[in-house]
Structures are given as C-alpha cells and as structure tokens.
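Notes for the one structure printed next.
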Amino acid sequence: QVHLVESGGGLVQPGGSLRLSCAASSSIFSFVAMGWFRQAPGKERELVATITSSGVNVPDSVKGRFTISRDNAKNTVNLQMNNLKPEDTAVYYCYARSRYSSNSYWGQGTQVTVSS
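Next comes the structure, spelled out in structure tokens:
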C-alpha cells in the first residue's frame with residue numbers, strides 16, 4: 006500500500022510564499038506521474054501541477070508563480086508557491102499514478118489559506 010503525506014500548508018498573506026512537500030512511502034520511480042491538485046470549498050478538484058519523465062505541466066492560473074520539483078533521494082515531490090493570491094486558498098492534495106498498474110494514490114490534503 007502506497008502512502009503520500011503532505012506537509013507545509015498554512016496561513017499566508019497575499020503576495021507571500023509557501024512550500025508544500027509530499028513524501029511517498031515508496032520510491033518515486035515507481036510512479037509514472039506525480040503532482041498536486043487543489044479543491045476550494047464548493048468547487049471541483051483542479052490540477053495545479055504534474056511532473057513526469059517528460060517534463061512538467063502547469064495550468065495558466067498558476068504558471069510563473071508555482072514550481073513543481075522532485076527529490077529522488079528523499080522520495081518527495083515539492084510545490085513552491087510564490088506570489089500567492091486569495092483565490093489560491095484551497096486544500097492541496099498530492100497525487101501519484103503507478104508505473105506498474107492502473108492504481109492512483111492521493112494524500113490526505115493540506116490546507117492553504119491566503120488572507121490578510
């Protein structure tokens with residue numbers, strides 16, 4: 006069973022920064038893709054950023070502000086969030102898709118609140 010554990014959420018003022026981390030219980034090489042999604046109250050879960058061996062995918066809503074990276078030695082995927090806006094407020098979920106099966110995995114989520 007694969008476990009993903011997020012950390013780094015919290016309260017930040019508009020224009021501030023946060024760094025989220027997702028620690029996987031197995032080697033990240035066992036995943037064909039990893040990434041971050043978010044869900045705000047009353048809204049659907051949406052893609053924030055994904056990373057694969059081919060590169061990264063970041064939607065226009067966060068492009069230039071959010072950066073996804075991975076640390077192979079620590080089995081973590083990170084999300085650096087800069088110039089945060091109130092509309093970035095949401096629960097952020099780590100995601101991983103298995104390289105060897107059709108399974109996908111989700112973390113428990115971490116709250117990010119952008120408010121003055």
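Counting in my numbering, the sequence shown runs from 6 upward without gaps.
Glycine included, each C-beta is placed from N, C-alpha and C at the ideal position.
Where residue i sits in the DSSP three-state scheme
i	result
Glu11	strand
Glu92	helix
Ser182	The shown model of the chain, from 6 to 121, leaves out residue 182, and the question about it has no answer.
Tyr97	strand
Gln18	coil
C-beta contact flag for residue i and residue j at 9 Å
i	j	result
Gly15	Thr118	yes
Leu25	Tyr97	yes
Ser22	Gln85	yes
Classification of residue i by the beta-carbon crowding that lies within 10 angstroms, buried from 16 upward
i	result
Val53	buried
Asp65	exposed
Gly112	buried
Thr115	buried
Beta-carbon proximity list for residue i, same chain, < 6 Å, skipping 5 on both sides
i	result
Arg70	Asn87 and Asn88
Ser74	Asn83
Ala38	Thr55, Thr57 and Arg102
Beta-carbon contacts of residue i that lie in its chain and below 7 Å, excluding the five residues immediately before and after
i	result
Lys150	No answer is possible for residue 150: the residues shown for the chain start at 6 and end at 121.
Three Cβ pairs or more, each shorter than 8 Å: is that satisfied between the region 78 to 85 and the region 21 to 36? yes
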